[in-house]
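Down below is the structure, laid out as structure tokens.
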Amino acid sequence: MRTMLKKRPPHRAGSHTGFFNLGGLAVVLLSLAPGLVRGEGVPGLVLKLTSAAGQSDARVARTVALHVPDGAPVSPFLEQGGFTARWEGKLVLEKRSRLVFHLAGTGEGRLLVDGEELVPALGASMESMRLRSGEHEFVVEYTPPAKGDATLRLLWEGREFGREPMPGGLFVHDAEDPALKKQSLLRRGRELVAAKRCVACHEPGEDRMMPELLLAAPSLNGIGSRLEQDWLVKWISDPAAMRSSAHMPAVFRGEGAKEKAADIAAFLVADRLKLEGPHASAPDRVKEGGHLFYQQGCIACHTLDGKGDDERIALGTVGRKFRGKALEEFLRDPSRNHQGTRMPGFQFSAGEAQAVADFLRTQGERSQSTSIAGDPLRGHALARATGCFNCHEREGESGKAASKVGLFSLQSADCSSVHYNLSGEDKNALTVFLREEAGRGSLARHVPAEFAGRQFLGLRCNACHSRDGEEALLERFAGEAAHLKPREESRNEEKPALVAGPPPLHHLGLKLRPGWREKLLAGRVSPKVRPWMPARMPAFPSRARALSVGFSHAEGLSATAEKPFVPDPAKVKIGEAMTAVEGGLACGTCHGIAEKGPIAVFEGEGPNLRDSGARLTREYFHLWMNDPPRVWPGTIMPKYALDGKTPLSQHYDGDAHKQFEAVYHYLRSLSQK
43 MRTMLKKRPP HRAGSHTGFF NLGGLAVVLL SLAPGLVRGE GVPGLVLKLT SAAGQSDARV
103 ARTVALHVPD GAPVSPFLEQ GGFTARWEGK LVLEKRSRLV FHLAGTGEGR LLVDGEELVP
163 ALGASMESMR LRSGEHEFVV EYTPPAKGDA TLRLLWEGRE FGREPMPGGL FVHDAEDPAL
223 KKQSLLRRGR ELVAAKRCVA CHEPGEDRMM PELLLAAPSL NGIGSRLEQD WLVKWISDPA
283 AMRSSAHMPA VFRGEGAKEK AADIAAFLVA DRLKLEGPHA SAPDRVKEGG HLFYQQGCIA
343 CHTLDGKGDD ERIALGTVGR KFRGKALEEF LRDPSRNHQG TRMPGFQFSA GEAQAVADFL
403 RTQGERSQST SIAGDPLRGH ALARATGCFN CHEREGESGK AASKVGLFSL QSADCSSVHY
463 NLSGEDKNAL TVFLREEAGR GSLARHVPAE FAGRQFLGLR CNACHSRDGE EALLERFAGE
523 AAHLKPREES RNEEKPALVA GPPPLHHLGL KLRPGWREKL LAGRVSPKVR PWMPARMPAF
583 PSRARALSVG FSHAEGLSAT AEKPFVPDPA KVKIGEAMTA VEGGLACGTC HGIAEKGPIA
643 VFEGEGPNLR DSGARLTREY FHLWMNDPPR VWPGTIMPKY ALDGKTPLSQ HYDGDAHKQF
703 EAVYHYLRSL SQK
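Here the sequence shown is numbered in this note's numbering, starting from 43 and rising by one per residue.
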């Protein structure tokens, strides 16, 4: 079996019998291969929702997948209760190929292609039929059950691949759809209300359940010991001039504005501690910091100049921002003083944080202080009067009384007290949200799948990870930091080692068990799953729980705690034999197994199998084992199952599904130990 690891089996078409009984409906079609051809329109389907009360909503969906817990809202713009859902757009087919579609879940649904009802009801199936290559009108209609969770998933299988969730990237829709444009405007307005913290001064008249509303703004406690006074003056004077994406408004405008900003800055730094400055930057440490900056893909979210761009925040000015060793402390725990920060934690050691900080201080120019001194007493009064403490925490302070004008009584997106950096489009979206009846009540409704979708983009998960055939953003910007790349160590030609990049996120909500995913997002997984990979998974502790739930719901899956898994001793024994070097799949050649390291890594090391048992869901494990190169294009993991069989006929007569199930029992037994 070692030869199987050293030389990957040829990839040829084969049907797979290993899959879970997901229930639902099926239809066989002749069409589509794994390749993707983009059609007219933009990626995704339009999901149109209608409530029992007649309210309607529309949003973009990557694919057909939905999970709404009993009693929860399906949309922030619809009241809880019964609803109907309709996904519509175009399915883009590259060529003909025999396929079987499945709709799994609860309730009732049907599938239509080119206006023809291919599957009329749950449990029904039809004969195979031909579909030409190209675009096809695609519609799925769904009605949830009267009681219980609403769940729907679209799956498919074909001659070349086994049953799997139908991936995103295969659908396109009309971005000019009137219902979609209207509701997209409402959604943008809702997001702006949260980002600009409008509810800090204007009472919305409802509970605040939208997660972004619950994330705290930067704390002002001890800020004078962290940030330079000159930087604070410039930031308070005009945040948008320093960062185009800033949500902080310009508090003062017109004559005397800079003097008032200087007064508030003087107040904030009045109690600052005398700090020891950073140590002199040693060239070797600066070089190490540059290496870390490159390895962690920081260039995907930041520029090294002092300007930044519409997507990325500039780091060329951090040397003028942080005092003493505050930059090192921030790098070690970004959310310590700002719960809502988008900056993740990378679990830097003290030495690593110092190296990165020293490197960043060498970027840009360090100018002399030019700020007005400011009066701290006037600054304190101004901070209270302008409502700084409505958004920001500071010990001994409390916010001023909320405005008498409620949020949904506002007639304009323009604020009379402060100036927000809003484009014309944003002003329009905010005005529409405030005036439309559909906006009322939406801040009190939390839809985890939508939250995860917003955060996927907001936190730039696509900076390092590819999804749906779209390359990671890092590929676009990597050249700007290429000069920081550490020199590659010489390879042992007899034992080459390939370092794969971060895994794709096509099956993000399916791959990881929800509890383990939450730990990963919170930065509580140690040691790393892939310790040989220089890049580290960033941590978002304040969002970890909501993100984990949202990613599951977006895949049409529940995020509730799974039932205790009890490994079958007989299957564990066979699974252990299946992974053995002699007489098995030789998994221990490239994978560590518990405390035992890999024997002889050929092309690249794999995760420890104990970790695999702890983190992977049962469904994803079978999906992966059936065809690793399909799940992760470019992986060096070989495909063992051909035509539903493996070469190990001594176990279950070579039945791949039964053998892989035994391996899963073995892995879960390892993780439980």
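Even for Gly, the Cβ is constructed at its ideal location relative to N, Cα and C.
How far does the beta strand (DSSP E) with T193 in it extend, from its first residue to its last?
Run containing T193: A192 to G200, per the beta strand (DSSP E) assignment.
Can you tell me the Cα-Cα spacing of G200 and H664, whole angstroms?
Roughly 16 angstroms separates the two Cα atoms.
Since P281 is in the alpha helix (DSSP H), which residue starts that stretch and which ends it?
Unbroken alpha helix (DSSP H) run through P281: P281 to M284.
Through-space distance from L227 to G481, alpha-carbon basis
Roughly 11 angstroms separates the two Cα atoms.
Where the beta strand (DSSP E) through W666 begins and ends
In the DSSP assignment, W666 falls outside any beta strand (DSSP E) and lies within the alpha helix (DSSP H) extending over R660 to N668.
Pull up the DSSP beta-bridge partners for S98, would you.
Residue pairing for S98: DSSP places it in a beta bridge opposite T92.
Could you tell me whether the Cβ atoms of Q338 and A577 are closer together than 8 angstroms?
A distance below 8 angstroms separates the beta carbons of Q338 and A577.
contact_flag[the stretch 175-193, the stretch 127-134] where n(CB pairs < 8 angstroms) is 3 or more:
Using a C-beta cut-off of 8 angstroms, the stretch 175-193 makes contact with the stretch 127-134, since at least three inter-stretch Cβ pairs fall below that distance.
Measuring alpha carbon to alpha carbon, tell me which residue in K527, S711 and G83 is nearest E218.
It is G83 whose Cα lies nearest to the Cα of E218.
Using a Cβ-Cβ cut-off of 6 angstroms (strictly less than) and excluding sequence neighbours within five positions of Q714, which residues of its own chain qualify?
Setting aside the 5 residues that flank it on each side, Q714 has no residue in the same chain whose C-beta is closer than 6 angstroms to its C-beta.
Looking only at C-alpha atoms, which of A308, A259, S286 and E297 sits nearest to S267?
Taking each of A308, A259, S286 and E297 in turn and checking the Cα distance to S267, the smallest one comes out for A308.
Do the CB positions of F431 and A423 come within less than 8 angstroms of each other?
No, they are not a contact pair.
Skipping 5 residues on each side, what residues in its chain have a beta carbon closer than 7 angstroms to that of S117?
Contacts found: L91, D99 and V489.
Are the beta-carbon atoms belonging to L589 and T659 less than 8 angstroms from one another?
Inclusion of L589 and T659 in the CB contact set at 8 angstroms is not warranted, their separation being larger than that value.
Tell whether a beta-carbon distance below 8 angstroms holds between I265 and A303.
No. Outside cutoff.
Are three or more beta carbon pairs between the stretch 620-630 and the stretch 580-588 nearer than 8 angstroms?
Contact between the stretch 620-630 and the stretch 580-588 is absent, because fewer than three Cβ pairs lie under 8 angstroms.
Between the stretch 490-505 and the stretch 363-380, can you find at least three pairs of beta-carbon atoms closer than 8 angstroms?
Fewer than three pairs of CB atoms, one per stretch, sit closer than 8 angstroms, so the stretch 363-380 makes no contact with the stretch 490-505.
Tell me the residue span of the alpha helix (DSSP H) that contains Y708.
From DSSP, the alpha helix (DSSP H) with Y708 extends over A698 to Q714.
Please state whether the Cβ-Cβ distance between L108 and M252 is less than 8 angstroms.
Contact flag unset, no.
Taking all protein chains shown into account, do 16 or more other C-beta atoms lie within 10 angstroms of the C-beta of H321, making it buried, or fewer, making it exposed?
By the neighbour-count rule (16 or more Cβ atoms within 10 Å), H321 is not buried but exposed.
Can you give the beta carbon distance from T105 to G204, rounded, assuming they're within the 8 angstroms contact cut?
Incorrect: roughly 18 angstroms between the Cβ atoms, too far for contact.
Are R230 and A471 touching if we call contact CB-CB under 8 angstroms?
Taking 8 angstroms as the Cβ cut-off, R230 and A471 qualify as a contacting pair.
Check each candidate in D510, S654, T473 and C503 and name the one with the smallest Cα separation from L516.
Measuring from the Cα of L516, the nearest candidate turns out to be C503.
Which same chain residues, not among the five before or five after L599, have their C-beta less than 7 angstroms away from its C-beta?
Sequence-distant partners of L599 (beyond 5 residues in either direction) whose C-beta falls short of 7 angstroms from its own C-beta, in its chain, are H109, G551 and L552.
Have a look at A415, K367 and I341 and flag the residue whose alpha-carbon is nearest the alpha-carbon of A312.
Measuring from the Cα of A312, the nearest candidate turns out to be A415.
Just how far apart, CA to CA, sit P52 and D697?
Note that P52 has pLDDT 32, beneath the 50 cutoff, so the model's placement of it is unreliable and no number is given.
Around the Cβ of G639, are there at least 16 other Cβ atoms within 10 angstroms (buried) or fewer (exposed)?
Residue environment: G639 is assigned as exposed (fewer than 16 neighbouring CB atoms within 10 Å of its CB, all protein chains considered).
Opposing strand residues paired with Y184 [DSSP bridges]
Looking at the DSSP output, Y184 bridges to A127 and G151.
P611: buried (16+ other C-beta within 10 angstroms of its C-beta) or exposed?
Under this definition P611 is an exposed residue.
Need the endpoints of the beta strand (DSSP E) that V623 sits in, please.
Neither: V623 is in no beta strand (DSSP E) and is coded neither H nor E.
Anyone know if the C-beta pair for L449 and H633 falls short of 8 angstroms?
Contact flag unset, no.
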